[in-house]
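Participant: One structure is given below, represented as structure tokens, and several questions about it will come after.
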Amino acid sequence: MNGAHFVVKTLERLGVDTVFGYPGGAIMPLYDALVEARFRHILVRHEQGAALAADAYARASGKVGVCLATSGPGATNLVTGLANAYLDSVPVLAITGQVPTVLMGTDAFQEVDVLGITMPIVKHSFLPRTLEDLAWMLPEAYELAQNGRPGPVVLDLPKDLTQAIMPDISAGPRLVPQPNPVHPSSLRRAKQLFLEAKRPLAYIGGGVGIAQSETNLVNWLEHTGLPAVTTLKGIGSIPGTHPQCLGMLGMHGTKAANYAVQDCDLLIALGARFDDRATGKLKEFAPLAKVIHVDLDPAEIGKLRGAHVAYSGSFESFFEACSQPPAIDAWQKQCALWKSSNPWRYDAPGEGIYAPRLLHKLSEATRANAIVTCDVGQHQMWVAQHMNFNSPRQHLSSSGLGTMGYGVPAAIGAQFAHPDRPVICVSGDGSFMMNVQELATISRYKLPIKILLLDNQSLGLVRQWQELFFNGRFSEIDLSDNPDFVQVAESFGIPAMRFESADQEDLLVDLIRHKSGPLLIHALIDPKANVWPLVPPGAANHQMMEGVTT
Amino acid sequence: MNALCSLTLNNLEGALERVLGVIRFRGFRVVGMHASSMRGDSALQIQLELAGTRSVTHLTKHLAKLYEVLSVQSQGAEQGVGGSI
Chain V
0 MNGAHFVVKT LERLGVDTVF GYPGGAIMPL YDALVEARFR HILVRHEQGA
50 ALAADAYARA SGKVGVCLAT SGPGATNLVT GLANAYLDSV PVLAITGQVP
100 TVLMGTDAFQ EVDVLGITMP IVKHSFLPRT LEDLAWMLPE AYELAQNGRP
150 GPVVLDLPKD LTQAIMPDIS AGPRLVPQPN PVHPSSLRRA KQLFLEAKRP
200 LAYIGGGVGI AQSETNLVNW LEHTGLPAVT TLKGIGSIPG THPQCLGMLG
250 MHGTKAANYA VQDCDLLIAL GARFDDRATG KLKEFAPLAK VIHVDLDPAE
300 IGKLRGAHVA YSGSFESFFE ACSQPPAIDA WQKQCALWKS SNPWRYDAPG
350 EGIYAPRLLH KLSEATRANA IVTCDVGQHQ MWVAQHMNFN SPRQHLSSSG
400 LGTMGYGVPA AIGAQFAHPD RPVICVSGDG SFMMNVQELA TISRYKLPIK
450 ILLLDNQSLG LVRQWQELFF NGRFSEIDLS DNPDFVQVAE SFGIPAMRFE
500 SADQEDLLVD LIRHKSGPLL IHALIDPKAN VWPLVPPGAA NHQMMEGVTT
Chain H
0 MNALCSLTLN NLEGALERVL GVIRFRGFRV VGMHASSMRG DSALQIQLEL
50 AGTRSVTHLT KHLAKLYEVL SVQSQGAEQG VGGSI
């Protein structure tokens, strides 16, 4: 058995069933060993697609996503995907080929310093120099990716190690997760604040879904009666239709969510990190509130907003400590009133497709059962606002990095994680072009992914900001020379149709729900449509702008 | 505002580089440094003098997350007394 076969056998032993990748010179021995692998390899058309598909596979399945690339450009093409996984705390193992150890540091063909390049955007990176290193580093890298706060880990694998005969080496002890020490005094103080609060609010971030604590969260919320807001990554941790869910907070959040944050007297941050898109002007964020911050990662506590009580134990132990329902009838009524008096409006004038209404119809029709992947831009915010989700593993969105081009490869990863579930990619005409080559992957593997391409012939969110905050000086946002997307899809063997009028919205939803196999829906929307409400830069969250629906 | 930071590292490939990268990214400059090997050369003990206006407590928490870091202690005017993780 050579080093490459050891890698394959180890991945099998670790339970890996799917890897995404693209071969090349330095990783050829590993690809040779893959011929006998008991897991499947998905050949993408660009390494960024492999990293993003692995990311989405991990988010949708709860397992570690694995991607492979060769040295040099193969590895550098992974970088955006690794950064994406890093900022959203997604467990990904990236194995990159490297030139033989004897050539390392000589500027050999397709040699770059992968360890150095990826260092700031991974949880850790390993570079085995010997077979003994490889024996312990590979399982360690896999465990590390999912241990504690998850994240991407790189194993940069010199070619000669994959070709050398592997001696019988014990893999050594596996990483044992070390839980954070639990401080009962923190829980006592939390309980005290909780019972004293008159206007407590749960602020739910992505950490709840990562910990797979969403069921316990909803039980706790229902038991205590607390209203809740979510971040972009927290969407689905409490069903969007739940009466206690006020929606997403922040820049494009709901009025109810932002008003509640501004008025609450106790903010309970659960796996949330006070991201600037969520907080708006930090000094005016939740100005009346004491803060209880519950997060597995101590480095998130106090990073942007000081906490009156910090707790790095499990969500469940916090829920148990704060299980006595507080007397908050008036506050519950106020939050319900904010919610009922600020409903989304779908009565847009005009005869064109209105993206928020279309997405709402799609959400209603799929009964929040589909897995939806997004790209980045206006459509991403419309999905967050107008579609409901029952689980954070259904809403796959590049939240921290904001990676245009995420949607299509993410749909591929999600479909491999859940072959029997409907997967819908909502994209925009800017983002779609960034990983359009992965249509070939959809076609090759006959994945029944439905792509809803909302085309406003521009970089819509940039255009919106230029309109509102740069005096309407539009700079490099025009995409009116887009290719014919129907022809593009058809050239990859994917059926496609174009729609442009409001009276076609129901038909379009029906096609997405019922047509078998892959499908691209090219929906032309108003190029001037904006995302509302909007918290302008430098403003507090309650200072939302509201535009005219056209 | 200067802070002092003492670390013990597993001397894995790139360990010092990774520590210095975190220090830079989190808003500090290294203005003094002393390092010595421990346990043969499998570990490094480093004392750093850092300049920066950000929270040294926050930096310490991030350093403590690094895979190679066995222990980290910091002391700076911002936090008054030393913190250790």
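Residue numbers (numbering that gives the first Met the number 0), protein chains in the order written: chain V, 0 to 549; chain H, 0 to 84.
Beta carbons: idealized from backbone N, C-alpha and C, even for Gly.
(1) Could you check if ASP428 of chain V is buried or exposed, using at least 16 other CB atoms within 10 Å of its CB as the buried criterion?
(2) List, in order along the chain, the chain H residues whose C-beta lies closer than 7 angstroms to that of LEU281 of chain V?
(3) Would you please verify whether the beta carbon of LEU81 of chain V is less than 8 angstroms from any beta carbon of chain H?
(4) Quick one: does LEU361 of chain V have its CB under 8 angstroms from some CB of chain H?
(5) Is the CB of PHE27 of chain H under 8 angstroms away from at least one CB in chain V?
(6) Who pairs with PRO151 of chain V in a beta bridge, going by DSSP?
(7) Beta carbons nearer than 9 angstroms to chain H: which residues of the segment 103 to 125 of chain V have them?
(8) Could you name the residues of the same chain whose beta carbon sits closer than 8 angstroms to that of PRO238 of chain V, not counting the 5 residues immediately before and after it, in chain order?
(9) The alpha helix (DSSP H) that contains GLY351 of chain V, what's its start and end?
(10) I want to see whether chain H comes within less than 8 angstroms of PRO297 of chain V, judged by CB atoms only; does it?
(11) Using beta-carbon positions only, say whether ILE300 of chain V and ALA309 of chain V come within less than 8 angstroms of one another.
(12) Taking any Cβ of chain H, which residues in the segment 298 to 326 of chain V have a Cβ under 9 angstroms from it, in chain order?
(13) Between the alpha carbons of LEU478 of chain V and PRO355 of chain V, how many angstroms are there, rounded?
(14) Measuring only the C-alpha atoms, how far is ASN76 of chain V from GLY516 of chain V?
(15) Consult DSSP for MET32 of chain H and reduce its assignment to one of helix, strand or coil.
(16) Since I believe SER426 of chain V is in contact with HIS378 of chain V (beta carbons under 8 angstroms), could you give me their beta-carbon distance rounded to a whole number of angstroms?
(17) When DSSP labels each residue in this structure, what does SER426 of chain V get in the three-state scheme?
(18) Hey, would you say PRO199 of chain V sits closer than 8 angstroms to PRO325 of chain V, going by beta carbons?
(19) Does DSSP classify GLU504 of chain V as helix, strand or coil?
(20) Can you give the Cα-Cα distance for THR52 of chain H and ASP419 of chain V, rounded to whole angstroms?
(21) Using a Cβ-Cβ distance under 8 angstroms, would LEU143 of chain V count as near chain H?
(22) Just curious, the beta strand (DSSP E) that THR7 of chain H is in, first and last residue?
(23) Do you know how far the Cα of ALA501 of chain V is from the Cα of THR214 of chain V?
(24) In chain V, which residues lie with their C-beta within 8 angstroms of the C-beta of GLY20 of chain H?
(25) With H, G and I counted as helix, E and B as strand and the rest as coil, what does DSSP make of ASP480 of chain V?
(26) Based on Cα-Cα distance, which residue from V:GLY61, V:GLU283, V:TYR30, V:ARG44 lies nearest to GLY14 of chain V?
(27) Output yes if chain V places a C-beta closer than 8 angstroms to the C-beta of ARG17 of chain H; else output no.
(28) Could you spell out where the beta strand (DSSP E) holding GLY246 of chain V opens and where it closes?
(29) Against chain H, with Cβ distances strictly below 8 angstroms, would THR549 of chain V count as a contact?
(30) Can you name the start and end residues of the beta strand (DSSP E) that SER124 of chain V belongs to?
(31) Tell whether a beta-carbon distance below 8 angstroms holds between GLN384 of chain V and HIS251 of chain V.
(32) According to DSSP, is PHE27 of chain H helix, strand or coil?
(33) Check the DSSP bridge columns for ALA268 of chain V and list the partner residues they point to.
(34) To the nearest angstrom, how far is it from the Cα of ASN209 of chain V to the Cα of PRO90 of chain V?
(35) Hey, is the segment 438 to 447 of chain V in contact with the segment 491 to 500 of chain V, meaning 3+ C-beta pairs nearer than 8 angstroms?
(36) Return the first residue and the last residue of the alpha helix (DSSP H) that ALA144 of chain V is part of.
Facilitator: With the structure as the only source:
(1) Numbered from 1 along the first sequence, position 429 holds the residue referred to as residue 428 of chain V. With a threshold of 16 other beta carbon atoms within 10 Å, ASP428 of chain V meets it and is buried.
(2) Residue numbering aside, residue 281 of chain V sits at position 282 when the first sequence is read from its first letter. For LEU281 of chain V, there are no C-beta contacts with chain H under 7 angstroms, since the nearest C-beta of that chain is about 14 angstroms from it.
(3) If you number the first sequence from 1, residue 81 of chain V lands on position 82. LEU81 of chain V does not count as touching chain H.
(4) To locate residue 361 of chain V, count along the first sequence from 1; it is residue 362. It does not: the Cβ of LEU361 of chain V has no partner Cβ on chain H nearer than 8 angstroms.
(5) The residue given as residue 27 of chain H occupies position 28 in the second sequence. Taking CB atoms only, PHE27 of chain H has no neighbour in chain V less than 8 angstroms away.
(6) Stepping through the first sequence from its first residue, residue 151 of chain V is reached at position 152. As computed with DSSP, PRO151 of chain V is found in a beta bridge with V:VAL91.
(7) Residues passing the 9 angstroms Cβ filter: LEU114, GLY115, MET118, PRO119, LYS122, HIS123, SER124, PHE125.
(8) Counted from its first residue, the first sequence places residue 238 of chain V at position 239. Here the set comprises VAL217, CYS244, ALA367, ASN387, PHE388, ASN389.
(9) To locate residue 351 of chain V, count along the first sequence from 1; it is residue 352. Careful: GLY351 of chain V lies outside any alpha helix (DSSP H) and carries neither H nor E.
(10) For the purposes of this step, residue 297 of chain V is taken as residue 298 along the first sequence, with counting starting at 1. Yes, PRO297 of chain V counts as interfacial toward chain H.
(11) The sequence position of residue 300 of chain V within the first sequence is 301, counting from 1. The sequence position of residue 309 of chain V within the first sequence is 310, counting from 1. Between ILE300 of chain V and ALA309 of chain V, the CB-CB gap stays under 8 angstroms.
(12) Of all residues in the segment 298 to 326 of chain V, ALA298, GLU299, ILE300, GLY301, LYS302 have a Cβ within less than 9 angstroms of some Cβ in chain H.
(13) On the first sequence, residue 478 of chain V is found 479 positions in, with the first residue counted as 1. On the first sequence, residue 355 of chain V is found 356 positions in, with the first residue counted as 1. Our two residues, LEU478 of chain V and PRO355 of chain V, have alpha carbons roughly 21 angstroms apart in a direct line.
(14) Position 77 of the first sequence holds residue 76 of chain V. Position 517 of the first sequence holds residue 516 of chain V. Roughly 29 angstroms between the two C-alpha positions.
(15) Locating residue 32 of chain H in the second sequence gives position 33, counting from the first residue. Three-state result, MET32 of chain H: strand.
(16) Here the question's residue 378 of chain V lines up with position 379 in the first sequence. Here the question's residue 426 of chain V lines up with position 427 in the first sequence. Contact between HIS378 of chain V and SER426 of chain V holds: CB atoms are separated by about 7 angstroms, below the 8 angstroms threshold.
(17) Start at 1 with the first residue of the first sequence, and residue 426 of chain V comes out as number 427. Note: SER426 of chain V maps to strand in three-state DSSP.
(18) Here residue 199 of chain V refers to the residue found at position 200 when the first sequence is read from its first residue. Here residue 325 of chain V refers to the residue found at position 326 when the first sequence is read from its first residue. Contact flag set, yes.
(19) Here residue 504 of chain V is taken as the residue at index 505 of the first sequence, counted from 1. In the structure shown, GLU504 of chain V adopts helical secondary structure according to DSSP, grouped into three states.
(20) Working through the second sequence from its first residue, we reach residue 52 of chain H at position 53. Working through the first sequence from its first residue, we reach residue 419 of chain V at position 420. Put simply, the backbone Cα of THR52 of chain H is about 53 angstroms away from that of ASP419 of chain V.
(21) Counted from its first residue, the first sequence places residue 143 of chain V at position 144. With its beta carbon less than 8 angstroms from one in chain H, LEU143 of chain V belongs to the interface.
(22) Working through the second sequence from its first residue, we reach residue 7 of chain H at position 8. 1 to 9 is the span of the beta strand (DSSP E), which, as asked, contains THR7 of chain H.
(23) Looking up residue 214 of chain V in the first sequence gives position 215. Looking up residue 501 of chain V in the first sequence gives position 502. Taking the straight line from one Cα to the other gives about 38 angstroms.
(24) Taking the first residue of the second sequence as position 1, residue 20 of chain H is located at position 21. Going along chain V in sequence order, the residues near GLY20 of chain H (Cβ under 8 angstroms) are MET118, PRO119.
(25) Within the first sequence, numbered from 1, the residue matching residue 480 of chain V stands at position 481. Three-state result, ASP480 of chain V: coil.
(26) Looking up residue 14 of chain V in the first sequence gives position 15. Minimum Cα-Cα distance from GLY14 of chain V among the listed residues V:GLY61, V:GLU283, V:TYR30, V:ARG44 corresponds to V:GLY61.
(27) By 1-based counting over the second sequence, the position of residue 17 of chain H is 18. Judged by the 8 angstroms Cβ criterion, ARG17 of chain H is in contact with chain V.
(28) Sequence index remark: in the first sequence, residue 246 of chain V carries index 247 (1-based). Unbroken beta strand (DSSP E) run through GLY246 of chain V: 244 to 247.
(29) The residue you call residue 549 of chain V lines up with position 550 of the first sequence. Its pLDDT being 46, under 50, THR549 of chain V is placed unreliably in this model, and the value from its coordinates should be taken loosely. Using a CB distance cut-off of 8 angstroms, THR549 of chain V does not count as an interface residue toward chain H.
(30) The residue given as residue 124 of chain V occupies position 125 in the first sequence. From DSSP, the beta strand (DSSP E) with SER124 of chain V extends over 123 to 125.
(31) Numbered from its first residue, the first sequence carries residue 384 of chain V at position 385. Numbered from its first residue, the first sequence carries residue 251 of chain V at position 252. Cβ atoms of GLN384 of chain V and HIS251 of chain V: closer than 8 angstroms.
(32) For the purposes of this step, residue 27 of chain H is taken as the residue at position 28 of the second sequence. Strand.
(33) Within the first sequence, the letter at position 269 stands for residue 268 of chain V. Per DSSP, V:TYR202, V:HIS292.
(34) Taking the first sequence and counting its residues from 1, one reaches residue 209 of chain V at position 210. Taking the first sequence and counting its residues from 1, one reaches residue 90 of chain V at position 91. The residue you asked about is not Asn; residue 209 of chain V is Ile in the sequence shown. If I take the Cα positions, the gap works out to 10 angstroms.
(35) Proximity of the segment 438 to 447 of chain V to the segment 491 to 500 of chain V meets the contact definition, three or more beta-carbon pairs being nearer than 8 angstroms.
(36) On the first sequence, residue 144 of chain V is found 145 positions in, with the first residue counted as 1. Where ALA144 of chain V is concerned, the enclosing alpha helix (DSSP H) stretches over 130 to 145.
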